[in-house]
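Asks: Residue numbering for the sequence shown follows the working numbering, beginning at 1384 and increasing consecutively.
All C-beta atoms, glycine included, are put in the ideal place defined by N, C-alpha and C.
Note that this is a predicted model, so its numbers are computed, not measured.
Sharing a structure below in structure tokens format, with a few things to ask.
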Amino acid sequence: MANSYFDKELAGIIDHTLLKPEATPADIRKLCQEAREYQFCSVCVNPVFVPLAKQELAGSPVKVCTVIGFPLGATSAFAKAAEARDAAAMGADELDMVIRIGALKSGLYQEVHRDIAAVVDASGGRLVKVIIETALLTDEEKKTACKIAVEAGANFVKTS
């Protein structure tokens, strides 16, 4: 795959992801080997696998990303901040957080902002990406979610 300039450029923006609850250490090792081989930007794994992914990718430019408030986003800002600090302590390079979709849909924008800002503040300067469940949102809600994410200090918005 990564033998042409285009392929390397494309591979360099891919987050190679394995978030299945039944994932095993062997699955994570395979994911990391593929990420090295194809020169992906990062691997995204459940928090419990961050140390293993860091070990498997040592000496590689591939980053380790993990999820915060995954999969529903329906945890408190305090809990998400604690998850972010824990992920940082385990060596995560990037954090993908899920926002509280119900709060957004209810117009509780300050709560959504507080949620994102708490993770950004707890991230220790790591890249924070905000996951919005676009299938559940109107176009106006998508715009609002993106605006709040930027205002709260997130680096990227991801769709799901």
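1. I want to know whether the segment 1491-1500 touches the segment 1427-1434 - three or more CB-CB distances under 8 Å.
2. Assign Glu-1405 to one of two classes, buried (16 or more other C-beta atoms within 10 Å of its C-beta) or exposed (fewer than that).
3. Might you give, ordered along the chain, the residues of its own chain that have their beta carbon closer than 7 Å to the beta carbon of Glu-1524, omitting 5 neighbours on each side?
4. May I ask you to report which of helix, strand or coil DSSP gives Asp-1479?
5. Three or more C-beta pairs closer than 8 Å, one from the segment 1474-1487 and one from the segment 1414-1422: is that the case here?
6. For Ala-1518, which option in Thr-1542, Arg-1509, Leu-1510 and Glu-1534 has the closest C-alpha, if you only look at C-alpha atoms?
7. To the nearest angstrom, how far is the alpha carbon of Ala-1528 from that of Pro-1454?
8. From Leu-1440 to Leu-1491, what does the alpha carbon distance come to, in whole angstroms?
9. Name the DSSP beta bridge partners of Cys-1427, please?
10. Look at the Cβ atom of Cys-1464, then the Cβ atom of Asp-1504, and state whether they are nearer than 9 Å.
11. Suppose contacts are defined by Cβ-Cβ distances below 9 Å. Is Ala-1471 in contact with Ser-1506 by that definition?
12. Quick one: what does DSSP say Phe-1453 is sitting in, helix, strand or coil?
13. Kindly indicate which three-state DSSP category Leu-1491 falls into: helix, strand or coil?
14. If you draw a straight line from the alpha carbon of Gln-1416 to that of Lys-1526, how long is it in whole angstroms?
Replies: Here's the rundown:
1. In short, these stretches do not touch, since the Cβ pair count stays below three.
2. Taking the first residue of the sequence shown as 1, we reach residue 1405 at position 22. Exposed: under 16 other Cβ atoms inside 10 Å.
3. If you number the sequence shown from 1, residue 1524 lands on position 141. Result list for Glu-1524: Leu-1487 and Lys-1488, in chain order.
4. Stepping through the sequence shown from its first residue, residue 1479 is reached at position 96. Correct three-state label for Asp-1479: strand.
5. no
6. Taking the sequence shown and counting its residues from 1, the one referred to as residue 1518 is at position 135. Of the candidates Thr-1542, Arg-1509, Leu-1510 and Glu-1534, the one whose C-alpha sits nearest the C-alpha of Ala-1518 is Thr-1542.
7. Mapped onto the sequence shown, residue 1528 falls at position 145. Mapped onto the sequence shown, residue 1454 falls at position 71. Rounded to whole angstroms, Ala-1528 to Pro-1454 spans 17 Å at the Cα level.
8. Position 57 of the sequence shown holds residue 1440. Position 108 of the sequence shown holds residue 1491. Using only the alpha carbons, I get a separation of about 40 Å.
9. Residue numbering aside, residue 1427 sits at position 44 when the sequence shown is read from its first letter. Paired residue(s): Thr-1400 and Cys-1448.
10. Numbered from 1 along the sequence shown, position 81 holds the residue referred to as residue 1464. Numbered from 1 along the sequence shown, position 121 holds the residue referred to as residue 1504. According to the sequence displayed, residue 1464 carries Ala and not Cys. In contact: Ala-1464 and Asp-1504 (Cβ atoms closer than 9 Å).
11. Start at 1 with the first residue of the sequence shown, and residue 1471 comes out as number 88. Start at 1 with the first residue of the sequence shown, and residue 1506 comes out as number 123. Taking 9 Å as the Cβ cut-off, Ala-1471 and Ser-1506 qualify as a contacting pair.
12. Stepping through the sequence shown from its first residue, residue 1453 is reached at position 70. Coil.
13. To locate residue 1491, count along the sequence shown from 1; it is residue 108. In the structure shown, Leu-1491 sits in coil (DSSP, three-state: anything other than H, G, I, E or B).
14. Residue mapping note: residue 1416 aligns to position 33 of the sequence shown, counting from 1. Residue mapping note: residue 1526 aligns to position 143 of the sequence shown, counting from 1. Near 37 Å, if we compare the C-alpha coordinates of Lys-1526 and Gln-1416.
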